[in-house]
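Here's the structure we're looking at; comments come further down.
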Amino acid sequence: MGETAAAVLGEEEHQDVLHRLILPAATKNAVPQDKPVVVVVSGPSGAGKTEVGDLVQAALDRRGGAVRVGRDLYKPVHRHYPALLEADVRTAGVRVRPDTIRWQAEVEEYVRAHRLDAVVESALASEDEFRTLSAAYRSSGHRIEVVAVATAEALAQLGVLDRFLAGELRYVSWENQDTCTQGMLVTLGVIEAERLADRVCVVRRGLEPLYDNELTREGAWARPAAAAETARIEQLRPWNARQTRVFRRELTRAEVLVHDERLPADARLAVSRDSERAAAAAESVRRIAHPLPGPPGTGYHRLGAEEHRWAFDELIAPVHLRRATFRPDPVVVYLVGEYGAGQLMAGRMVRRAMRPRPVRLEPRGLRGSHPDYFQLVTDSPRIADELVRPDADEWQAEAEAYLREQRSDVTIEADYLTVDDFCLSVSRFARARYRIEVVALAGRAADSRQRTLVDHARALELDVMTALPAPAAHARARRVAAEIVQAAACNPDIAAVTVLDTDLQALGRDRAAPQAWTAEGLRPYSAQEAARFHSVQRALCRVLPRMREEISGLAVQARPLMPAAWQAQPVEHRPGPARPVLLAAPLRTP
């Protein structure tokens, strides 16, 4: 006898198990119905059919109870199954399948004969099997509903592995898993095309609805048939950061358990590569991990290649690059400055001075194309920009390449991470024979930081949350801006470098630009400027009471440049009257 030969019970024993164990347990809470319902919960192994089936059964129990049907439910009552598991977990289910298939068919026949509600778990791998099932339930007067659980292949594979490692030794081969995954899509299409069910739903795990369609009294679907397409889209839907993080954590846990020596050796061998397969299946939908400078140290907001490209082609190019206009002698102008330096007003002035229809590349406009950005701004406004920076920087480079190809005029509000990134961008425009100019916005660090807080406070008054760079990010941006001005003044590919103050007045040009930029940052406050600065400080303390410590830090940062009247006054020390020195008392002699 071969290792995979079926372990079939004798007819008498088969019927004994059916009538003594299976039917009493399955039908004990079910009652006959005038209009019985059968709900087929479908999906590949590991997709979450059991959880969804429990929720559906809880709903049917309100009608008096329902019979739970599924061939996996009958394996434990098969006399040979425990021994087959010990012999080889990979073949145990296959060898008892003839009996479990018969038991399922017999339970369903009992359900139809007694007009009971039922919840049937099925992979929907074969459209012919569902045609037979549909005809049988229609003849018994049952209403047929299908609930398809759609999930990514990687999550289903990991679900199979988790279930196995949790002690439920139900082995699923890769071939079977793939057949069920693809077969469900085909069967869903057939169900709607041939109207084999009265209602079809597609849900995520936990019964989250994605699609719902129902036959009308006229026998037509209430809406265009799209169950198969909905399930396919859900299988391929890109994950968000949370889903990626949870998947990686669960996958790591599974890999540790796979190598746990307490698990039988043959069981470990059976699923030793399942975790790798789950990781491979996740490649097309998961986010890409990237390091963060602070806790938690790793982010999962970087998009996969397909989602990244889709965002550029469908969101960025049509919205931000649509003004691209061919010029035989194109110009690119870089606006350089830290957060709060006044790029908005300076950009408007520069674009008015240029030829019509220059394209504006603005960092936050690109970041807004990231699917996580606005939620990140709400949840983590201090680090939202940094979390989506990897994709935003790539989109910036791709947008610049697109505009060079179109030979369009462009203004770039530079937010480069390093001066090397700026120099690389300049070199590419120089090779494309662009005229390159740099406009640097100079000012005091405390003033620009204060403006970011003012803009944030004004947005909050309108009940709008905006990104607010952390002090460290502001300091880095200011340092990089200084390095860019220095590098631009020495770069022969750059035709002009102009430094502007906050009133958009020129302070220095070309070789004198670095000195002008530095001098403006160290320029002392006038009495009027100091009064205005502290007036804004007081207003910020009222509007942003939770940020008083940071607001006070601005005053400390600005103090060295303040007029004497605003400097901290030394505490006057007046010496008091001299006190007599107390001499040590003589030791008492015994």
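Each residue of the sequence shown is one higher than the one before, counting from 9 in the numbering used here. Ideal Cβ positions, reconstructed from N, Cα and C, are used throughout, including at glycine. Values in this document were obtained by computation on a predicted structure and should not be read as measured data.
Open item on the list: Quick check on the burial criterion: 16 or more other C-beta atoms within 10 angstroms. Buried or exposed for residue 28?
Closed with: exposed
TODO: Quick one: using the 10 Å Cβ neighbour count with 16 as the cut-off for buried, is residue 346 buried or exposed?
DONE: buried
Open item on the list: Comparing C-alpha positions only, which one of 359, 285, 256 and 479 sits nearest to residue 445?
Closed with: 359
Task: Contact set for residue 26: own chain, Cβ-Cβ below 7 Å, skip 5 residues either direction - done: 111 and 114
Open item on the list: Quick check on residue 304: does DSSP put it in helix, strand or coil?
Closed with: coil
TODO: For residue 575, count neighbouring C-beta atoms within 10 Å of its own C-beta (all shown protein chains included) and say buried if the count is 16 or more, exposed if not.
DONE: exposed
- [ ] Locate the alpha helix (DSSP H) running through residue 32, then write down its first and last residues.
- [x] 31-35
TODO: Select from 136, 349, 146 and 95 the residue whose C-alpha is nearest the C-alpha of residue 119.
DONE: 146
Open item on the list: Once DSSP output is grouped into helix, strand and coil, what is the label at residue 419?
Closed with: strand
- [ ] Identify every residue that forms a DSSP beta bridge with residue 152.
- [x] 46
Open item on the list: For residue 37 and residue 31, I'd like the C-alpha separation in whole angstroms.
Closed with: 11 Å
Task: Cβ-based neighbour list, residue 481, same chain, cut-off 6 Å, excluding 5 preceding and 5 following - done: none
Task: Environment of residue 138 [buried if 16+ CB atoms lie within 10 Å] - done: buried
Task: Limits of the alpha helix (DSSP H) - the one that residue 516 falls within - done: Residue 516 -> not in any alpha helix (DSSP H); beta strand (DSSP E) instead, spanning 514-517.
Open item on the list: Whole angstroms are fine: how far does the CA of residue 175 sit from the CA of residue 267?
Closed with: 15 Å
TODO: Go to residue 16, then tell me how far its beta strand (DSSP E) extends in each direction, as first and last residue.
DONE: First-last for residue 16: undefined, no H or E at that position.
Task: residue 482, DSSP secondary structure in three states - done: helix
Task: Proximity of residue 511 and residue 450 at Cβ, strictly below 7 Å - done: no
Open item on the list: Which of the three DSSP states is assigned to residue 309 in this structure?
Closed with: strand
TODO: Return the chain-ordered list of same chain residues with a C-beta closer than 7 Å to the C-beta of residue 287, the five sequence neighbours on each side being excluded.
DONE: 259
Task: DSSP bridge partner residues for residue 296 (one or two, in chain order) - done: 310
TODO: Pair every Cβ in the region 484-494 with every Cβ in the region 562-573, then say whether three or more of these pairs are closer than 8 Å.
DONE: no
Task: Exposed unless 16 or more other CB atoms sit within 10 angstroms - verdict on residue 599 - done: Residue 599 is absent from the model: the chain starts at 9 and stops at 598.
- [ ] Determine the direct distance from the alpha carbon of residue 353 to that of residue 289, and round the result to whole angstroms.
- [x] 48 Å
Task: Limits of the alpha helix (DSSP H) - the one that residue 252 falls within - done: 249-266
- [ ] Leaving aside the five residues before and after residue 292 along the sequence, list all residues of the same chain whose C-beta is less than 8 Å from its C-beta, in chain order.
- [x] 244, 312 and 314
Open item on the list: Applying the 10 Å Cβ sphere with the 16-neighbour rule, what's the burial state of residue 192?
Closed with: buried
- [ ] Could I get the ranges of all uninterrupted alpha helix (DSSP H) runs contained in the region 353-378, with 4 residues as the minimum, in chain order?
- [x] 371-375
TODO: Within the same chain, show all residues whose beta-carbon is closer than 8 Å to that of residue 443, passing over the 5 residues directly before and after it, in chain order.
DONE: 337, 338, 339, 340 and 503
- [ ] Grab the span of the alpha helix (DSSP H) containing residue 217 for me, first residue to last.
- [x] Segment 216-222 is the beta strand (DSSP E) holding residue 217; no alpha helix (DSSP H) there.
Task: contact_flag[the region 227-237, the region 198-207] where n(CB pairs < 8 Å) is 3 or more - done: yes
Task: Candidates 490, 468, 152 and 325, of which the one nearest residue 409 by Cα - done: 325
Task: Stretch-stretch touch, CB-based, cutoff 8 Å, three pairs: the region 49-67 with the region 171-191 - done: yes
TODO: Consult DSSP for residue 498 and reduce its assignment to one of helix, strand or coil.
DONE: coil
Task: Reference residue 194, options 307, 136, 541 and 350, closest by Cα - done: 136
- [ ] Over the uninterrupted beta strand (DSSP E) stretch that includes residue 342, give me the two end residues.
- [x] 339-344
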